[in-house]
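Input: a single structure, listed below in structure tokens.
Numbering (the working numbering), first residue to last: 5 to 342.
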């Protein structure tokens, strides 16, 4: 078993990271390298609301169903019978599952839960499906419904059987997971997860290890690459999305890679409101998790629309900035040994 100092975690680096996290509303943080916990902060066993991190988990779950032929990503809304009480437009019904996976359905119906980009929403019917990125929970919630329709399993049951059990998650409670959303806004609500930081790290490690957990293949290797291939570059996003510091793939954020940052090749980020993050960094065999714990009653109130205030949050920039201390320290050690 390696020691923290072998990966550059000196007393100075630890002190710097401690101070950075103390300045943020982070409630727990983990750095994992080589499958071992390199550093932890706060209570990594605390279970709380994942917010939009749920979307990357759904992407992971879809891999097996796609490989088994249960899910065809070219199925359209019309093929699946997806509709709303006041109807989808004919052009909206041509959106494919693969368009929804990159939040480019062209369907701008009101979503059944909060968390979408509410700025500069295009007119309904104005965008051809697959051509225009707009971060929209309608797409993400419908994907959950389509997954359940095509596989015959709820998102939560699939998670329990495919991931929580095989990965021996320590804090997973099936009864804690729940569907949430606005009353009457849409037929399709949000599948919300409540997990601990250390169980989130397991998911990240499975991604870094190309779908493997120990001697088990918990998701297809090919899907890891397929679901994290850059599909919407950050620089191509519309004006209301231009502040993003990452591009998008199949429900994963993809950090920008430059010639100066080859260690970010293949990296992906799951991101949720208030500061719920998983960073997978396969080039260095590293995983990072940040939690900003939210009480269940507040999470429920946010999703039924009765709580609309913002709370102090950890941004993706904050999170990646803390992770970068570990990354630079590890790279410095590797260079010194070269």
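Every residue gets a Cβ at the ideal spot worked out from N, C-alpha and C, and that includes glycine.
Contact between residue 96 and residue 129 is confirmed by a C-beta separation of about 7 Å, below the 8 Å threshold. With three or more CB-CB distances shorter than 8 Å, the segment 51-64 counts as touching the segment 261-281.
Excluding residues up to 5 positions away in sequence, 112 lie with their Cβ nearer than 6 Å to the Cβ of residue 125 in the same chain. Ranked by Cα distance from residue 192, the first of 284, 151 and 208 is 151. Listed as beta-bridge partners of residue 276 by DSSP are 280. For residue 178 and residue 305, the gap between their C-alpha atoms comes out near 21 Å.
Here residue 124 carries a coil assignment [DSSP, helix/strand/coil]. Residue burial is scored here from C-beta neighbours: residue 188 has fewer than 16 other C-beta atoms within 10 angstroms and is therefore classed as exposed. Pairing residue 104 with residue 144, the inter-Cα distance amounts to about 7 Å. Less than 9 Å separates the beta-carbon of residue 65 from that of residue 166. In the DSSP assignment, residue 306 forms no beta bridge with any residue.
The three-state reading of DSSP puts residue 184 in strand, counting E and B together.
The beta carbon of residue 93 is closer than 7 Å to those of 128 and 129 in its chain, skipping five residues each way along the sequence. Annotation note: the segment 82-133 contains the following uninterrupted alpha helix (DSSP H) runs of length 4 or greater, listed N- to C-terminal: 101-105. For residue 196, the secondary structure class from DSSP, reduced to helix, strand or coil, is strand.
Two segments are said to touch when three or more pairs of C-beta atoms, one from each, lie closer than 8 Å; by this definition the segment 231-239 touches the segment 253-262. For residue 212, the closest C-alpha among the options 334, 283 and 17 is that of 283. Sixteen is the threshold: since fewer than 16 other Cβ atoms of the shown chains lie within 10 Å of the Cβ of residue 342, the residue is exposed.
When Cβ pairs closer than 8 Å are counted between the two stretches, the segment 199-207 is seen to touch the segment 291-304, the count reaching three or more. Contact between the segment 63-82 and the segment 213-224 is present: three or more C-beta pairs spanning the two stretches fall below 8 Å. Residue state for residue 296 is assigned as coil, using DSSP reduced to three classes. In the DSSP assignment, residue 40 falls within the unbroken beta strand (DSSP E) covering 40-46. Per the Cβ contact rule, the segment 26-45 is in contact with the segment 311-328 (3 or more Cβ pairs under 8 Å). Per DSSP, reduced to three states, the secondary structure at residue 214 is coil, with no helix or strand assignment. In the structure shown, residue 169 adopts coil according to DSSP, grouped into three states. Annotation for residue 64: the continuous alpha helix (DSSP H) segment containing it runs 57-71. Following the DSSP letters along the chain, one finds residue 250 in no alpha helix (DSSP H) but inside the beta strand (DSSP E) bounded by residues 250-252. Per the C-alpha coordinates, the member of 47, 171, 107 and 308 positioned closest to residue 39 is 171.
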